[in-house]
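Numbering (the UniProt record's numbering), first residue to last: 1 to 449. To start, the structure itself, in structure tokens.
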């Protein structure tokens, strides 16, 4: 289907659908109740106020070329020294692992975050000095001047690398602060923007950092687990909606990569399913069925997946949930479309495959398939359509120059649920299928090419 005019899962703008990120589909409220988390009073202890720290940055730049004795007196240098002392103290107290003393896996230390801000103080100052402050973190009232608003700064994702020291407790945000950060990103920041593309990269990176903070802390306490599941669910909805809203012929912005979007959704699902499974004895997540359905649809392209054992291992209220059953039916219909047909039975079996196409598209467009379920299924529309056309060519090809004009462009639109003939023709051109013109002037799929 065309990215801008889909009848499935529906043509809706981002403002209408962003609610799917912040709350479950059945939520009764659309109103964001969480304001931007305020920075803690600790901000002013080492480096002064936000404006003072901005002056610190200028001071740092002004003394770079001066003697080291003056540099060591700057608040920035003092903060670095304090951070180093905290690192040594945390190792001594067993709060983080000592890199010089390897441990067994069962002896691994689980750090507990103490940062009370959306972005740790040490990172804030470092990024200001390095001019690594994103425009979303500038003061909205002073954008031309690019003035930093530390209350708007959110921790960046930091990739693990050899030689990179372990994060300190003060660098890690505890679950309540992570939840406040998710609230800020989805309830406040996204609502400030007219379109998802204008804020997507920032939210994509910051939610990745949120998941990393959760992962490092290896949470097991029930209150923390509940918060983690809530945040992971909302982040998953963000990635699902992004895959639909940003599915355009042209990149929505230069660095956007749909493959990376799918990769992060996959990792979010893996962690979320593990939270469900590992904590089922203490917590029954109310939205589990919704996300189990998304996971089934997300694996449509895996032909060897066996859901039998998976579904049987789930509680009946999950495995028998209408959303899970619909997702499974969609998976089966799509899998049948992708089954290679025996050459001697191609023409006869094509009727069965065609029925599966109809079943798949009918389910996608039915009321039993939610908007976000449709968005997940849409990821595989291209591969399903392409496979269907390949099967058509194999089933109807008669050899020689005998023309088979059965599959007109109009029939392709109806069978493969394109929006119109223009979209169907563009799809055929892009994927190497040739169209010819019949005597009546109607375009048809040329099976002799």
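Every residue gets a Cβ at the ideal spot worked out from N, C-alpha and C, and that includes glycine. This structure is a prediction, so every number in the text was calculated from the model and none was measured.
According to the DSSP assignment, residue 443 belongs to the beta strand (DSSP E) that extends over 443 to 445.
The distance from the Cβ of residue 446 to that of residue 436 is about 4 Å, consistent with a contact at the 8 Å cut-off. Residue 391 and residue 299 have their C-alpha atoms some 21 Å from each other.
Inter-segment contact for the region 358 to 368 and the region 324 to 336 is present: three or more beta-carbon pairs are separated by less than 8 Å.
As a beta-bridge residue in DSSP terms, residue 436 pairs with 444. Residue 379 and residue 122 have their C-alpha atoms some 40 Å from each other.
Take residue 319, set aside five residues on each side of it, and the residues of its chain with a beta-carbon closer than 6 Å to its own are 311, in chain order. Sixteen is the threshold: since fewer than 16 other Cβ atoms of the shown chains lie within 10 Å of the Cβ of residue 248, the residue is exposed.
A residue is called buried when at least 16 other Cβ atoms come within 10 angstroms of its Cβ; residue 195 does not meet this threshold and is exposed. Rounded to whole angstroms, the Cβ separation of residue 205 and residue 178 is 15 Å, and the two are not in contact under 8 Å. DSSP lists 148 as the bridge partner or partners of residue 138. Sequence-distant partners of residue 385 (beyond 5 residues in either direction) whose C-beta falls short of 6 Å from its own C-beta, in its chain, are 416.
Shown here, residue 310 sits in a helix according to DSSP, grouped into three states. A contact is defined here as three or more CB-CB pairs under 8 Å, and the region 282 to 297 meets this definition with respect to the region 220 to 233. Nearest to residue 389 by alpha-carbon distance, out of 373, 357, 277, is 357. Straight through space, the alpha carbons of residue 256 and residue 238 are spaced by roughly 15 Å.
Leaving aside the five residues that flank residue 152 on each side, the residues in its chain whose CB is nearer than 6 Å to its CB run, in chain order, 137.
When the Cα atoms are used, residue 411 and residue 444 turn out to be separated by approximately 9 Å.
Pairing residue 112 with residue 174, the inter-Cα distance amounts to about 7 Å.
In terms of Cα proximity to residue 250, the closest of 132, 197, 421, 266 is 197. From the listed residues 132, 82, 432, the smallest Cα separation to residue 202 is found for 132. Where residue 242 is concerned, the enclosing alpha helix (DSSP H) starts and stops at 222 to 245. In the structure shown, residue 408 falls within a strand segment according to DSSP collapsed to helix, strand and coil.
The beta carbon of residue 115 sits closer than 7 Å to the beta carbons of 170, 171, 172, 173, 177 from its chain, once the five residues preceding and following it are set aside; these are given in chain order. Assignment of residue 283 by DSSP, reduced to helix, strand and coil, places it in the coil class. Closest in C-alpha terms to residue 200, from the list 149, 218, 215, 254, comes 254. Shown here, residue 322 sits in a helix according to DSSP, grouped into three states. DSSP places residue 379 outside both helix and strand once states are collapsed to three, so it counts as coil.
For residue 126, the enclosing alpha helix (DSSP H) begins and ends at 121 to 129. According to the DSSP assignment, residue 175 belongs to the alpha helix (DSSP H) that extends over 175 to 183.
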